[in-house]
Every structure is written in C-alpha cells, then in structure tokens.
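Have a look at the structure below, then the notes.
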Amino acid sequence: MNKGVIISGIGHLGLILWALFGGYFLTPDHAPEVAVTSVSLMSSAEFDAMSAAVPTAPAPAEQPAEPAPAPEAVAPAEPEPAPEAQPVEETPPPVELAEPQPAPEPDTAPDVTEIAPIPRPEIAETPEPVAPVAEVEQPI
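The numbering used here numbers the first residue of the sequence shown as 279 and each following residue consecutively.
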C-alpha cells in the first residue's frame with residue numbers, strides 16, 4: 279500500500295474514535311451550578327398600585343445663571359505685522375455657450391389608409407363523428 283493512504287487511514291480512524299469516545303470517559307467531577315432567579319407573577323391591579331406609589335421627582339427651580347465676569351482688556355505688547363498681499367489670479371473670461379440646436383420636427387404619422395387589413399383565417403367546419411355514440415353508459 280501507499281504510505282499516504284496508510285497515514286490518512288490512521289488519521290481518519292483516530293478522528294472518528296475521538297469523535298465517538300473522546301468525551302465519554304472524561305466526565306467532569308462536578309458540573310457548574312445553574313443560576314436560578316426567583317420570579318413572581320402580579321396582576322395588573324398590583325402593577326398599577328406599584329406604579330402609582332412611585333413619587334415623581336420635583337421640578338428643579340430655575341435659577342438664573344450668573345453672568346460670567348467680563349475679561350479684563352489686555353493691550354497687546356507689539357502690533358502684529360500686516361500680512362503681505364498675495365497675488366490674485368485672474369479668472370478666465372466666461373466661455374460663451376453655443377446655442378442649442380433646434381429640436382428636430384417629429385415625424386408625421388404614416389398614411390395607414392393604404393395598409394390592407396390582416397386577413398382572418400378560414401375555419402373549417404367540424405366533421406361528422408365516425409363512431410356512433412353509445413346509448414349505454416360505459417363503466418369507468
């Protein structure tokens with residue numbers, strides 16, 4: 279046999295055995311406890327009574343905010359030099375837009391008086407039945 283087939287077979291067999299029996303023999307000593315919360319049911323009347331008993335917070339009294347003190351005017355020590363004037367680029371003259379071409383006149387409706395109507399196919403008459411109709415009802 280080929281070495282690759284043997285190695286693949288051993289690997290797959292080990293994987294299958296691990297999937298079947300891997301966790302079977304390794305059970306934990308003690309399982310973690312499940313967290314349980316106690317719950318009680320209440321009627322709508324009890325809920326309304328509980329909601330009505332909640333005090334509402336009083337509205338805070340509005341106090342006007344004290345204006346911030348005006349900052350003292352500080353004279354600058356040295357005047358800042360005026361920025362140098364930067365050269366302004368001239369804008370190009372506006373481009374004259376070409377006048378739009380006039381819309382083409384819509385085509386006139388074609389003269390349909392010369393068109394012949396579509397001929398209807400002739401329907402052949404239905405032929406007489408060859409076999410006679412049975413008078414006795416046939417079993418199904």
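In this text, a Cβ means the ideal position worked out from N, Cα and C, and glycines have one as well.
Check for me: the alpha helix (DSSP H) holding Leu-291 runs from which residue to which? Within the sequence shown, residue 291 is the residue found at index 13, counting from 1. It spans 281-299 - the alpha helix (DSSP H) in which Leu-291 sits, taken as one unbroken run.
Starting from Ala-323, trace the alpha helix (DSSP H) both ways and give me its first and last residue. Taking the sequence shown and counting its residues from 1, one reaches residue 323 at position 45. Segment 322-331, the alpha helix (DSSP H) holding Ala-323.
Cα separation between Glu-344 and Ala-337? Sequence index remark: in the sequence shown, residue 344 carries index 66 (1-based). Sequence index remark: in the sequence shown, residue 337 carries index 59 (1-based). Going from the Cα of Glu-344 to the Cα of Ala-337 covers about 20 Å.
Please report the distance separating the alpha-carbon of Pro-329 from that of Ser-321. In the sequence shown, the residue the question calls residue 329 occupies position 51. In the sequence shown, the residue the question calls residue 321 occupies position 43. In the sequence as displayed, the identity of residue 329 is Ser instead of Pro. Rounded to whole angstroms, Ser-329 to Ser-321 spans 12 Å at the Cα level.
Out of curiosity, what's the CA-to-CA distance linking Pro-399 and Glu-413? Along the sequence shown, one-based indexing puts residue 399 at 121. Along the sequence shown, one-based indexing puts residue 413 at 135. Answer to the nearest angstrom: the Cα atoms are 37 Å apart.
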